[in-house]
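Enquirer: Sharing a structure, written as structure tokens. Questions coming.
Numbering (my numbering), first residue to last: 44 to 262.
Here it is, written out as structure tokens:
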């Protein structure tokens, strides 16, 4: 059975896990990891593969992986990629998904967290880029700037975020940041490992990864 992105999105258990996972992260002081994040990651991963000429089905598998990638946070932040992959297996198996599709999706989910991430296939590569490039001020939940930590500052400083794909050349994350809120070096302190993963992921897709901040290319 070909489980679709819409099938997964409408699944009541999936909706519950995403909501409650984000509630747990909120309690621990993390930035937003709820529906806004997973929907954005799902759409970005899909668009990356479609732009590069991958099939509609491959792009849909990437969007499913993007939508499910953070459900493991309902268990614990530590190891959430692996627990999320196990949860996704159970959900997709119960939905009667094709085993090869399921394996592709859970492989991408299980390889998306920095601690053990690797772009093992194009779906995983698209998920990594989509996830790590979702930097925006609307993800910050702390309303008191005086109590911002470095994660809050880095996200809040981002005024514009665009991911541009040149099919035969590169994929570029273009950020406009408020340097009065966050220095460029603060960004690198938090996101250097993530940008390295984006570069490795772009290579899997046959591209170079570029990072441009305030119109200056830094990677």
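We put the CB at the ideal spot given by N, CA and C, even for glycine.
#1: Which residue from 135, 243 and 185 puts its Cα closest to that of residue 49?
#2: Which parts of the segment 44-94 are runs of the alpha helix (DSSP H), unbroken and 4 residues or longer, counting only runs that do not cross its ends?
#3: From residue 182 to residue 172, what does the alpha carbon distance come to, in whole angstroms?
#4: Just curious, the alpha helix (DSSP H) that residue 143 is in, first and last residue?
#5: Is the segment 104-122 touching the segment 73-92 in the sense that three or more CB pairs, one from each, lie closer than 8 Å?
#6: Which word fits residue 103, buried or exposed, when buried means at least 16 other C-beta atoms lie within 10 angstroms of its C-beta?
#7: What are the start and end residues of the alpha helix (DSSP H) that includes residue 171?
#8: Output the distance between the C-alpha atoms of residue 216 and residue 59, rounded to the nearest integer angstrom.
#9: Count the C-beta pairs between the segment 250-261 and the segment 202-219 that are closer than 8 Å, then say yes if the count reaches three, no if not.
#10: Could you please give the first and the last residue of the uninterrupted beta strand (DSSP E) stretch that includes residue 204?
#11: Would you kindly check if the distance between the Cβ of residue 116 and the Cβ of residue 67 is under 9 Å?
#12: Enumerate in chain order the residues of its own chain whose CB-to-CB distance from residue 162 is below 6 Å, with the five nearest sequence positions on each side excluded.
Expert: For this structure:
#1: 135
#2: 48-53, 55-70 and 78-94
#3: 17 Å
#4: 142-153
#5: yes
#6: buried
#7: 165-175
#8: 31 Å
#9: yes
#10: 201-208
#11: yes
#12: 168, 171, 243, 244 and 247
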